[in-house]
Each structure stands twice: as structure tokens, then as C-alpha cells.
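Some notes on the structure that comes next.
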Amino acid sequence: MKLDGCAAIRQLTDHSIEQPLQQLNVGAVRAAALGGENCNGLSAGDELVRPLAEFAFGDGKFLYINGGGLACLWHGPHSNSDLMTNNAPSETAVITVNELTKTFGRFTAVDQVSFRVMKGEIFGFLGPNGAGKSTTIRMLSGLLSSTAGTATVGGFDINTNPEQVRQHIGYMSQKFSLYKDLTVEENLVFFGGVYGMEGSRLRDRTRDIIALAELAGLERRQTGILSGALRQRLALGCAILHEPPILFLDEPTSGVDPISRRLFWDLIQNMARRGVTVLITTHFMDEAEFCDRIGLISGGRLIALDSPAHLKQTLVHEDLFEVALPVFRGAREHLENLDGLITSSYFGQRLHLFCKRGAYTTASLEQAIRTRGLDVQSIALAPISLEDAFIRLVQRPKNSDNS
Ligand SMILES: Nc1ncnc2c1ncn2[C@@H]1O[C@H](COP(=O)(O)OP(=O)(O)OP(=O)(O)O)[C@@H](O)[C@H]1O
Ligand SMILES: [Mg+2]
Numbered sequence: 102m103k104l105d106g107c108a109a110i111r112q113l114t115d116h117s118i119e120q121p122l123q124q125l126n127v128g129a130v131r132a133a134a135l136g137g138e139n140c141n142g143l144s145a146g147d148e149l150v151r152p153l154a155e156f157a158f159g160d161g162k163f164l165y166i167n168g169g170g171l172a173c174l175w176h177g178p179h180s181n182s183d184l185m186t187n188n189a190p191s192e193t194a195v196i197t198v199n200e201l202t203k204t205f206g207r208f209t210a211v212d213q214v215s216f217r218v219m220k221g222e223i224f225g226f227l228g229p230n231g232a233g234k235s236t237t238i239r240m241l242s243g244l245l246s247s248t249a250g251t252a253t254v255g256g257f258d259i260n261t262n263p264e265q266v267r268q269h270i271g272y273m274s275q276k277f278s279l280y281k282d283l284t285v286e287e288n289l290v291f292f293g294g295v296y297g298m299e300g301s302r303l304r305d306r307t308r309d310i311i312a313l314a315e316l317a318g319l320e321r322r323q324t325g326i327l328s329g330a331l332r333q334r335l336a337l338g339c340a341i342l343h344e345p346p347i348l349f350l351d352e353p354t355s356g357v358d359p360i361s362r363r364l365f366w367d368l369i370q371n372m373a374r375r376g377v378t379v380l381i382t383t384h385f386m387d388e389a390e391f392c393d394r395i396g397l398i399s400g401g402r403l404i405a406l407d408s409p410a411h412l413k414q415t416l417v418h419e420d421l422f423e424v425a426l427p428v429f430r431g432a433r434e435h436l437e438n439l440d441g442l443i444t445s446s447y448f449g450q451r452l453h454l455f456c457k458r459g460a461y462t463t464a465s466l467e468q469a470i471r472t473r474g475l476d477v478q479s480i481a482l483a484p485i486s487l488e489d490a491f492i493r494l495v496q497r498p499k500n501s502d503n504s
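The opening position of the sequence shown corresponds to residue 102 in my numbering, with each subsequent residue numbered one higher.
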């Protein structure tokens with residue numbers, strides 16, 4: 102069925118199915134926006150260059166558009182399994198991961214992880230230390246064999262064709278793998294050589310990367326004496342020298358100041374807009390907000406997979422209270438078995454309490470806290486931030502029937 106403009110949007114939103122929908126021309130959606138249709142996040146003249154754009158409609162329906170112009174529609178907040186199985190036709194997935202597993206001896210570092218990443222998508226991998234993020238990336242980069250499961254990267258099987266995988270990706274390891282005693286230029290030339298580049302192509306790309314990474318004037322500077330931000334940009338430059346369509350970036354911004362982090366993200370977003378697929382890990386929640394979708398991994402398992410906005414919405418059936426206390430010490434322990442409390446965490450100078458929906462008003466919660474011998478300075482219902490969602494999803498509620 103061919104759909105046009107506003108009618109397309111209207112027809113799409115009238116559907117109540119939970120299956121990928123029919124072909125939709127991306128231009129038609131743009132036309133719909135120009136026609137004044139009420140779709141959040143899309144304004145007149147917007148370029149829909151980023152695949153898997155998503156638009157929330159007022160009635161809780163979402164429209165997803167990928168680079169191929171195919172649309173999928175779900176009603177309301179959807180489950181993770183919808184996203185894992187139905188998010189787009191597989192031919193647009195650049196990375197497909199099915200039950201990927203890695204064990205070291207008897208220890209399972211990555212446990213049956215499945216997800217897909219679409220062309221031009223920025224996919225964020227979040228999780229506590231030791232969750233299995235780097236291990237997954239190293240398997241997907243063809244650097245580490247898997248124990249079980251399958252995955253393809255750029256169409257190449259990581260188990261049977263790791264060499265081809267390596268040729269089609271750029272990989273920035275958690276500890277930048279630059280040679281500190283080489284100069285900036287020598288590092289670029291070295292990594293170009295690793296990818297089989299030579300002659301004018303290598304010269305041209307080296308020049309382009311030095312400009313892109315704003316390293317002009319530093320070509321002959323020894324890498325070991327560069328600042329963290331410059332080293333980071335050089336490491337990214339080395340990873341993209343051969344123009345890979347897929348980038349794996351493992352904590353590329355750790356140890357880098359906020360302004361340099363923002364500049365780095367500008368570079369990443371520009372590349373994604375041009376169709377480069379990015380899988381990135383970070384511990385910074387502000388950076389996670391820049392991702393199209395986030396896979397949350399904990400204890401080797403993928404425990405959530407959604408856009409940043411929907412990750413927060415998955416918890417809307419719970420109330421979050423922000424409580425200021427004059428004395429913090431031991432507060433969480435004091436409240437441990439509070440009826441209706443699901444999880445608690447410290448959040449700056451405040452305590453954040455996830456409670457069963459409707460279990461408390463601010464007044465009754467204050468009363469309950471005071472009954473436990475704690476003084477309360479202020480208490481309010483709070484909007485759920487990505488950091489709240491992250492902590493809530495990673496932290497197991499004490500009583501599982503609370504979850
Ligand atoms: N070669 C190895 N041998 C044994 N255990 C390993 C090996 N590599 C990783 N691990 C273990 O696997 C688990 C996952 O490690 P991984 O480096 O993937 O975590 P991560 O999510 O990247 O953590 P971080 O945020 O600290 O970088 C950890 O417990 C780690 O100690
Ligand atoms: Mg890691």
C-alpha cells in the first residue's frame with residue numbers, strides 16, 4: 102500500500118497492530134510534518150537522514166522510520182521483545198547478534214545477548230563495571246572468539262569470517278591502542294598500513310583525518326605527550342582512517358573533559374548522519390541521551406533495550422520520590438523494608454525512592470520515613486531521569502515480587 106503525506110501519518114496512527122507495517126516513503130513523512138501534522142520531534146524541513154528516527158504521537162503511539170523508508174508502528178509503550186524481534190526488516194540491520202555468549206572457564210561474562218543495530222544508528226551499550234560490554238564488543242570486532250551464539254557484522258559472520266569483520270569496522274578500544282613513542286602522523290600511517298592503505302589514498306586520508314580531528318600543527322608531536330582529548334581524537338582518527346561503515350567505540354570519552362566530550366559527540370553524530378553505524382559504550386548518562394537506542398547490560402545479560410525516552414517510560418508504573426534528609430548516613434538501611442518501596446539510591450544530595458504506584462503520597466511517605474527515625478527536609482515526586490532508570494533496572498529489588 103502506498104501512503105502519502107498527512108494521510109500516511111493518520112493511517113499509520115489509526116492502526117492498532119504490533120507488527121512491522123508497510124512501505125512508507127520517508128519523503129512522505131517529511132511532507133506530513135510540513136503539512137502541520139502533530140508529530141513531536143519532527144519539524145518542517147527536518148532532514149530525515151538518521152535512520153530509525155522515531156516520533157511520538159500524543160496518544161502514546163510511536164512511528165519508527167529507518168533509512169530504507171520502512172516504517173514500523175507500535176501502540177503505546179512496547180516491550181523489549183518487540184524491539185528485539187520486530188524493530189525493522191533484517192536487511193537493514195548492520196549488526197545482528199543472536200544469543201551471543203562468552204565464558205572464561207566457569208565464569209559467564211556474556212550470557213545469550215541478542216540485539217540488532219540498524220544502518221546509521223548510534224547504539225549505546227550501558228552497564229556497570231564488569232557487565233560484559235567490552236567482551237561483547239571484542240567478540241563483535243572479530244578480536245575474541247565467542248563460546249556460543251552467532252553474530253554478523255556488516256554481513257560477515259564473526260566466527261567464520263573475523264578477518265572480513267575487522268576490515269569493515271573501526272575499533273577504538275577502552276584503552277586507546279596508540280603507540281605513544283610514535284608521532285601523530287606516524288600513528289595514522291601505521292594504522293593505515295594495518296588496513297592495507299598506501300600511496301595517495303593513505304596520504305589523502307591522513308590529511309583529512311588531521312583536519313577532521315583538529316590535529317593540524319601537531320603532526321610531528323609525540324603521541325605520549327598529547328592531552329587526553331587530543332589522544333582520544335587521534336585514536337578515533339586511526340579507527341576511521343580506512344572509512345569503515347561500522348564503528349565500535351569502547352568508552353571513548355573516559356578521562357576527557359566535558360567540552361572535548363561534546364566535540365567528540367559532534368563528530369560521532371556527523372558520521373552517523375552520513376550512514377556510519379556506531380556501537381558505543383559509556384558511563385556518562387548525558388552521552389547515553391545522544392544514542393538512538395540503548396542496550397543495558399548487567400551481569401552479562403541484556404536487561405533492557407530501548408530508546409532513552411522509552412527506557413524512562415518503562416518505569417512509569419512506579420512513583421519516584423526525591424527526599425532531602427539532613428543526615429544521610431544509614432538512611433537507605435533504615436528504609437530497607439519499607440512497605441511498597443522497590444529500590445532506593447543516593448542521587449547527589451538526595452535520596453531517590455522508587456515506590457509502587459500509588460503506595461504513598463508525599464505526606465504519607467514523609468510520615469513513614471519519620472516513623473523510622475529519620476528527619477525529612479523535603480520530599481517531592483520527581484521525573485525519572487535516565488540515570489534513575491539505569492540504577493533502577495540494574496539494582497534488583499530486595500523482594501522479587503516488588504519488581
Ligand atoms: N580474558 C578474561 N579472562 C577472564 N575473565 C575476563 C576476561 N576478560 C573479561 N573478563 C571478565 O568478564 C567480565 C566482563 O568484563 P568486561 O571487560 O566485558 O566488562 P565491562 O562491561 O566492559 O566493564 P567496564 O565498564 O569496567 O569496562 C568481568 O568480570 C571481567 O573480569
Ligand atoms: Mg569495558
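Think of the CB as a built atom: it goes at the ideal place given N, C-alpha and C, for glycine as much as any other residue.
Assuming A464 is part of the alpha helix (DSSP H), what are its boundary residues?
Start at 1 with the first residue of the sequence shown, and residue 464 comes out as number 363. Per DSSP, A464 belongs to the alpha helix (DSSP H) from 463 to 472.
Could you check where the alpha helix (DSSP H) with T237 kicks off and where it finishes?
Indexing the sequence shown from 1 puts residue 237 at position 136. Start and end: 234 to 241.
Taking all protein chains shown into account, do 16 or more other C-beta atoms lie within 10 angstroms of the C-beta of T472, making it buried, or fewer, making it exposed?
Working through the sequence shown from its first residue, we reach residue 472 at position 371. So T472 counts as exposed.
I need the residues with a C-beta less than 5 angstroms from some heavy atom of ligand 1; please give them in chain order.
Taking each Cβ in turn, the ones that pass are F205, A210, N230, G231, A232, G233, K234, S235, T236.
Starting from the C-beta of Y461, find all residues in its chain whose C-beta is less than 8 angstroms away, skip the five residues before and the five after it, and write them out in chain order.
Along the sequence shown, one-based indexing puts residue 461 at 360. Closer than 8 angstroms at Cβ, skipping near neighbours: D420, F422, G441, A469.
Straight-line CA distance for M298 to F216?
Here residue 298 refers to the residue found at position 197 when the sequence shown is read from its first residue. Here residue 216 refers to the residue found at position 115 when the sequence shown is read from its first residue. Answer to the nearest angstrom: the Cα atoms are 32 angstroms apart.
Given a threshold of 16 other Cβ atoms within 10 Å of its Cβ, counted over all protein chains shown, does H343 qualify as buried or as exposed?
Position 242 of the sequence shown, counted from the start, is the residue given in the question as residue 343. Under this definition H343 is a buried residue.
A249 bridges to which residues according to DSSP?
Along the sequence shown, read from residue 1 onward, the residue named residue 249 stands at position 148. A249 pairs with T202.
Where does V70 fall in DSSP's three states?
No answer is possible for residue 70: it lies beyond the span of the chain, which begins at 102 and ends at 504.
When the Cα atoms are used, what is the spatial distance from L313 to E320?
Here the question's residue 313 lines up with position 212 in the sequence shown. Here the question's residue 320 lines up with position 219 in the sequence shown. For L313 and E320, the distance between alpha carbons rounds to 13 angstroms.
Only counting runs of 3 or more residues, tell me where the beta strand (DSSP E) segments fall wholly within the stretch 393 to 443, in order along the chain.
Listed in chain order, they are 394 to 399, 402 to 407, 419 to 425.
Let me see if you follow: with CB-CB separation under 8 angstroms, is T472 close to chain C or not?
Here chain C cannot be found, since the structure has a single protein chain.
If you run the structure through DSSP and keep just helix, strand and coil, what is F391?
Numbered from its first residue, the sequence shown carries residue 391 at position 290. It is coil, neither helix nor strand.
Kindly examine ligand 2 and report whether one of its heavy atoms sits closer than 7 angstroms to the Cβ of E388.
Counting from one through the sequence shown, the residue named residue 388 turns up at place 287. No, since every heavy atom of ligand 2 falls outside the 7 angstroms radius drawn around the Cβ of E388.
Got a sec? Which residues, its chain only, sit under 6 angstroms from W366 by beta carbon, not counting five neighbours each side?
Counted from its first residue, the sequence shown places residue 366 at position 265. Result list for W366: F391, in chain order.
Which of the three DSSP states is assigned to V295 in this structure?
On the sequence shown, residue 295 is found 194 positions in, with the first residue counted as 1. Helix, per DSSP.
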